[in-house]
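Numbering (full-length UniProt numbering), first residue to last: 1 to 285.
Take a look at the structure set out below.
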């Protein structure tokens, strides 16, 4: 995930224009704030957005008037009360399923393969909580909605396990891995190598590792605080899903998973920190 998790290039707040351009520049200002920069001076904001100080000051005054930013006693700026009120209003998706349902259907329609939504459980397992089924007669159909599944089993589990905190993955891999099929990977060291690749690529693949005859590609979904909360997967029968197609579909599932992550409040900067905290400890350590 690291090579796909960098911040996008800084957008210029070029002077001039009004209307939509003013809204765009105001959004650029709001995007300057984050966990690493919760409080900013006007010169910081002008420099980060390529706006003149006078233009930044004018936009900040409007944002402050509308409760989107506020000034501290030191005349620096922080995010305002309206954002907090909106976040707690109930208007935002209340669950992973709420955030993902439309994206899942769109991904199913794009690929015509079954799309699964998987949630990380407090027991450090995962559960399939929803699906958008393929229209093919021969297709993947999840029948065990809500039942706990070990994280080492299959691409969805690996897509989640690669991004949990290091202590959690160490705990999971310290336990014996019972095979679900003859293709299940039960060697924790081999899994660690795969998880490192998942972190680098941003997706996981599996070949009959949990269900015979089913190949899957999955990508993580991150929530508030940019912590992994689950994943989205594309699954189908092995006759339609060779490695080459899984690799091609990885682009679609990564894009869809990130759309859901953004709805849930994840940021690329936060996900990068998640990747750093999930990096494996030395083998055997």
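Yeah, the Cβ is synthetic: ideal placement off N, Cα and C, and Gly gets one too.
In terms of Cβ geometry, residue 162 and residue 198 form a close pair [threshold 7 Å].
Boundaries around residue 154 are those of the alpha helix (DSSP H), 154-161, since no beta strand (DSSP E) includes it.
Pairing residue 211 with residue 233 gives a Cβ-Cβ distance that is not under 7 Å. Within the same chain, 161 come within 6 Å of residue 169 by CB-CB distance, once the 5 residues on both sides are set aside. Using a Cβ distance threshold of 7 Å, residue 254 and residue 203 count as a contacting pair.
Across the set 220, 235, 63, 238, the C-alpha of 220 shows the shortest separation from the C-alpha of residue 272. The C-beta of residue 194 has 16 or more other C-beta atoms within 10 Å across all chains shown, which makes the residue buried. As the crow flies, the alpha-carbon of residue 235 is around 18 Å from that of residue 150. For the pair of segments examined, the stretch 61-75 was found not to touch the stretch 93-112: the number of CB pairs separated by less than 8 Å stays below three.
About 11 Å separates the beta carbon of residue 145 from that of residue 119, a gap too long to meet the 8 Å contact definition.
In terms of Cβ geometry, residue 77 and residue 69 form a close pair [threshold 7 Å].
Taking each of 188, 196, 260, 205 in turn and checking the Cα distance to residue 275, the smallest one comes out for 196. Cβ-Cβ distances below 6 Å link residue 186 to 177, 179 in the same chain, with the five nearest sequence neighbours on each side left out; the list follows chain order. Taking the Cβ atoms as the reference, residue 67 lies roughly 3 Å from residue 82, within the contact range of under 8 Å. In this structure, residue 154 keeps its C-beta atom at 7 Å or more from the C-beta atom of residue 131.
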